[in-house]
Amino acid sequence: MKSTRKGTHLTKTKISSKLLNVIRQNKSFLIVCHINPEGDAIGSISALALGLKNMGKKDICVLSKDGVPEILRFLPSSGLIKQKAPKKEFDVLCIVDCNTLERTGFKELKAKHTVIIDHHIPPDDADKSELYRKLAASVIDPGAAATGILIYKLLSALKISIDKNIATNLYTALLVDTGGFRYSNTSPEALKIACHLIQAGAKPWDIAKEIYDSIPFKSMKLLGLSLSTLDTKDGIAWINTSADMFKQTGTTYEDSEDFVDFPGKVKDIEVAVFFREDDKNVFKLSLRSKGRINVEKIAKSFGGGGHFAAAGCRIKGTLQEVQKKVFTEVRKAIRNAE
Ligand SMILES: [Mn+2]
C-alpha cells in the first residue's frame, strides 16, 4: 500500500520536469486515447485538452478512433473529439490511458515528440519498441487508480487551475475506473482528488445519473436476455450475449459494456466471466476477480491482458469449447490460490 504524505493531495507519482518542459516548450498537441474508450479515456483526453487550452495552447487535436460512446457525450468538450488523424505533423503526441500505438487504433500518428500518460503495465518488450526508444517523456503509474489522477497531477504541476469543465471530466474518469468508488483502487488519494474536483465544480449526482442511470431501453432488454443465461459453478459465475441477442434488440457491443458486473454480483464466487459472441466461433471475454484470483494472468494466457481484478481476451471456438478452456484455467488458478 502506498502511503500519502501528510498535508498534500498527492502521492509519490512523479511528474518529471522533462514532461513539464515538453508541454511548456511546444505549441501543437495531438492527444489520443485507446480504442473502445470508457470514462477514464474520454475524461482524461478531454481534461488534458481543456487544461492545455487554459495554458494558452491553441493548436490541439483530440483523437479517439472509436469516437465517444453515447453515455459519455455529456462530458464537456467531448464533442470536439475527432476519429480521423489529421495529416499534419504535431509538436507533441500525447498517448493517454494506454501505452502502445497499437492500442490507439492508429498505425501512424505524426509528431516531433511523443509522451505517454497512463496507468497500465507496459508490455514486456516495450523497451525494444520504436515508440519507447523515441519517447520524450512519460508518466506511467500502474498504482494510479485512473489516468485521470495522472492528468490531475500533471495539470497541478503545470499550475493550471482546475475549472468546472476539467473537474467534470476528471471526476468522471475517477468514478468510472474505481467502479463508482467501490473497487480496490479506491484509495485515500482517489477520494481526496475527487473531493477537490467536487470543490472545483464537478457535480457527483448529475455525473452518476449520466454514467449509471442513463441506460438506453434496448440495452436493458439486451441485459435481460443475457441475464437469462446466468450460471455458476466451481466459484465462477458467467453470462453470455449471443450475436442473435444483439440482433434481436438492435444493439451493439457498446450496449454490453458493463455486463460482466452482473455475474460479478453473485455471492460466494471468485471470478465472473462475460462471453460476448463477436463472430461465428469467436468470443470476447471479460473477466473480473473478487480479489484473490489474478485474472490478468488468465487473460494473458489467451493472448489478452488487463489488470489483476479486471481483464479481457478473445478466444476462438464454439461457446462450449471456449467456456471449457477458460473455466479450466480459472479452476487451476483457484486451486493454486488455496
Ligand atoms: Mn483507465
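Taking this note's numbering, the leading residue of the sequence shown gets -19, the next gets one more, and so forth.
Beta carbons are placed, not taken as given, at the ideal position from N, Cα and C, and that holds for glycine.
About 6 Å separates the beta carbons of residue 199 and residue 231, which is inside the 8 Å limit, making them a contact pair. Annotation note: the stretch 180 to 223 contains the following uninterrupted beta strand (DSSP E) runs of length 3 or greater, listed N- to C-terminal: 211 to 213 and 216 to 221. Around the beta carbon of residue 118, 16 or more other beta carbons lie within 10 angstroms, which makes this residue buried. For the 8 Å CB-CB criterion, residue 166 and residue 126 do not form a contact. For residue 285, the pairing in a beta bridge is given by DSSP as 292. Residue state for residue 176 is assigned as helix, using DSSP reduced to three classes. Counting of Cβ neighbours within 10 angstroms places residue 18 among the buried residues, the total reaching 16 or more.
The C-beta of residue 41 has 16 or more other C-beta atoms within 10 Å across all chains shown, which makes the residue buried.
With fewer than three CB-CB distances shorter than 8 Å, the stretch -6 to 6 does not count as touching the stretch 48 to 64. DSSP places residue 257 inside the beta strand (DSSP E), whose first and last residues are 251 to 259. Straight-line spacing of the CA atoms in residue 241 and residue 252 works out to 8 Å. In chain order, 45, 46 and 85 place their CB closer than 6 Å to the CB of residue 15, counting only its own chain and leaving out the 5 sequence neighbours on each side.
A check of alpha carbon separations from residue 55 across 213, 144 and 313 identifies 144 as the nearest. For ligand 1, the residues with a Cβ under 5 Å from any of its heavy atoms are, in chain order, 20, 77, 127 and 157.
With a 10 Å radius around the Cβ and a threshold of 16 neighbouring Cβ atoms, residue 35 comes out exposed. In this structure, the beta-carbon distance from residue 129 to residue 98 does not fall below 8 Å. Nearest C-alpha to residue 27 among 302, 292, 153 and 228: 153. For residue 98, the enclosing beta strand (DSSP E) begins and ends at 91 to 98. DSSP links residue 70 through a beta bridge to 91. The Cβ-Cβ distance between residue 235 and residue 184 does not fall below 8 Å. Taking C-beta atoms as the reference points, residue 182 and residue 148 count as a pair closer than 8 Å.
For residue 86, the three-state secondary structure derived from DSSP is coil. Note on residue 256: 16 or more other CB atoms within 10 angstroms of its CB, so buried under the neighbour-count rule. Residue 39 is bridged by DSSP to 8. For residue 265, the pairing in a beta bridge is given by DSSP as 255 and 293. Spanning the alpha carbons of residue 69 and residue 31 requires a straight line of approximately 21 Å.
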